[in-house]
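This report refers to the structure that appears directly beneath it.
Numbering (the numbering used here), first residue to last: 31 to 357.
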């Protein structure tokens, strides 16, 4: 979601996050979640949030971005402190809530494509380092999911969204090297599946339901489901024909399927709830499917690039369309 500024006083960012939590809890009565405000800087980014959760792997922010280090740096400590503060505010608003609840974390392959090794270049370049990162994330998720479950005791179902926007690029050998002149080698599907399965298993052990989100073209739905994901979240704008069959299989299996049908940034012309509903119905008709309880209408991707006004409108549109799809 939008909000926050790395140059603003801490109190201003705290107020921005509290407002984001109130917006989520006000606009999404049936599926509330832990909002993210990456505009507050590196410690609140997708990568910073995940490294606040990762267990046993110290890190810090360097000029090129997040890097694994020999000892926990001040930025990782700040990321952990910020996450705990944000969860305190979520816990306050969650009092008395009963229903499904969602949190999210950056997945092992997007982390490997983003975080650097101690001596430079991405973790993705080192087989052992990327295995350690996946295991550290899995260990950290055991504690993190248990913490959120304690804070939101009324959650009937705890959905854990694993964000993997870089997964298609990792599988396709499209992640740039540090120099920018080359590309990292292709990661083969069996290794990609193994790392994902490690994280998914930890989520389930902690009592969560793992689902995977990617708004990048070429999202390997079959691979993530085979690794143990119990749900998927897709951007309808980049969904290709190769995704139709695995998407239909997920719907028919009764899994959570989040359909990104609402623009994530302020559109030139705002869609109506009716047009969003019709878009979802056209997809279901093409797949030969009927609406199921597991279908959820969402914004296409994160709302960090949206204005505060559009963020509220997008959530309201998603809520209205989800209601109309089921009717």
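No residue lacks a Cβ here, since even glycine has one placed at the ideal position from N, Cα and C.
| query | result |
| --- | --- |
| Residues near residue 186 in its chain [Cβ-Cβ closer than 7 Å; skip 5 each side] | 128, 129, 130 |
| In DSSP terms, what residue 190 is bridged to | 133, 240 |
| Proximity to residue 237 [Cα-Cα], best of 62, 45, 132 | 132 |
| Beta-carbon proximity list for residue 291, same chain, < 6 Å, skipping 5 on both sides | 266, 306, 309, 310, 327 |
| Beta-carbon proximity of residue 51 to residue 120, cut-off 8 Å | yes |
| Minimum length 4: unbroken alpha helix (DSSP H) runs contained in the segment 209 to 281 | 219 to 235, 251 to 256 |
| Cβ neighbours of residue 338 in the same chain (closer than 6 Å, five flanking residues each side left out) | 32 |
| Cβ neighbours of residue 65 in the same chain (closer than 7 Å, five flanking residues each side left out) | 31, 50, 51, 54 |
| Residue 306, enclosing alpha helix (DSSP H) - first and last residue | 303 to 317 |
| Given 8 Å, three or more beta-carbon pairs between the segment 137 to 144 and the segment 107 to 122 | no |
| Residue 202 and residue 126 closer than 8 Å at C-beta | no |
| Cβ-based neighbour list, residue 168, same chain, cut-off 6 Å, excluding 5 preceding and 5 following | 228, 229, 232 |
| Contact the segment 249 to 264 vs the segment 275 to 292: 3+ CB pairs below 8 Å | yes |
| Beta-carbon gap between residue 138 and residue 225 smaller than 8 Å | yes |
| Start-end ranges of the beta strand (DSSP E) lying completely within the segment 80 to 109, minimum 3 residues | 89 to 92, 95 to 98 |
| Where residue 328 falls: helix, strand or coil (DSSP) | strand |
| Nearest-angstrom Cα separation, counted from residue 240 out to residue 234 | 7 Å |
| Cut-off 8 Å between Cβ atoms - residues of its own chain near residue 344, not counting five sequence neighbours on either side | 292, 293, 294, 329, 333, 336 |
| Environment of residue 196 [buried if 16+ CB atoms lie within 10 Å] | buried |
| Proximal residues to residue 242 (C-beta, below 6 Å), its chain only, five neighbours per side dropped | 192, 194, 254, 259, 262 |
| Three-way DSSP call (helix, strand, coil) for residue 41 in this model | helix |
| Classification of residue 100 by the beta-carbon crowding that lies within 10 angstroms, buried from 16 upward | exposed |
| Secondary structure of residue 170, DSSP reduced to three states | helix |
| Anticipated Cβ contact below 8 Å, residue 79 with residue 58, distance rounded | Rounded, the Cβ-Cβ distance is 20 Å, inconsistent with contact. |
| Alpha-carbon spacing of residue 303 relative to residue 297, whole angstroms | 14 Å |
| Pairwise C-alpha distance: residue 155 and residue 213 | 10 Å |
| Assigned secondary structure, residue 149 (DSSP; H/G/I helix, E/B strand, else coil) | coil |
| Among 280, 268, 83, nearest to residue 252 - alpha-carbon criterion | 280 |
| CB-CB length for residue 21 against residue 67, believed under 8 Å | Look at the range of the chain in this structure, 31 to 357, and you will see that residue 21 is not part of it. |
| Which listed residue (110, 97, 86) has its alpha carbon closest to that of residue 152 | 97 |
| Proximity below 8 Å, CB of residue 198 to CB of residue 248 | yes |
| Residue 200: first and last residue of the uninterrupted alpha helix (DSSP H) it sits in | 197 to 201 |
| The alpha helix (DSSP H) enclosing residue 291, as first and last residue numbers | From DSSP, residue 291 is part of no alpha helix (DSSP H) but of the beta strand (DSSP E) over 286 to 292. |
| Nearest candidate by alpha-carbon position, reference residue 134, set 174, 106, 56 | 174 |
| For residue 206, three-class secondary structure by DSSP | strand |
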